[in-house]
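Position 109 of the sequence shown, counting from 1, maps to 109 under the UniProt record's numbering, and the rest follow consecutively.
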Amino acid sequence: MGELVGQAGEQLSRLVRLEVGLATAELAEKGRRAGRGGGLLGAAGAVAYAGVLFLAGTATAALSLTLPVWAAALIVTAVLFAAAGVLAAAGRAQLRDAAPPTPAEALGSVRTDVEEIKERAHR
């Protein structure tokens, strides 16, 4: 009987190590994907920022044909700040709703293992 308990303890320990390894591997892969995606989004943001600067210059130049330059620049600046406010509010709402990343596969496997252990313990 003592030998069976010892084997069960060893198997449980091995199972826990394997589950931790699975969770670690799953999170590492998610981290790599997030890093690549973040880099690409950063590059896209830099290019879009340059485009917005040129668009603001173009809009200011166009408005300055009918308004004083200072008024044209003020209007364009106000529009840009209003857009930034809307985007910031939307981004903040998205971040508030975001859930922390979890290794779904590993958690499901651990739940299955726990149920199996409970079942066998009651036999």
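Glycine included, each C-beta is placed from N, C-alpha and C at the ideal position.
A quick note: this is a predicted structure, and the numbers were derived from the prediction, not measured.
- Nearest in C-alpha terms to L53, of all of L80, L27, A98, is L80.
- Residues T60, L63, S64 of the same chain have their beta carbon placed closer than 6 Å to that of A72, with the five preceding and five following residues left out of the count.
- Contact check for L27 and S109: beta-carbon distance about 14 Å, past the 8 Å limit, so the pair fails to qualify.
- The criterion of a C-beta distance shorter than 8 Å is not satisfied by V69 and A56.
- Counted as a single uninterrupted DSSP element, the alpha helix (DSSP H) harbouring T77 occupies residues 69-97.
- Taking a C-beta distance under 8 Å as the contact criterion, E10 and D113 do not qualify as a contact pair.
- In the three-state reduction of the DSSP assignment, T66 falls in the coil class.
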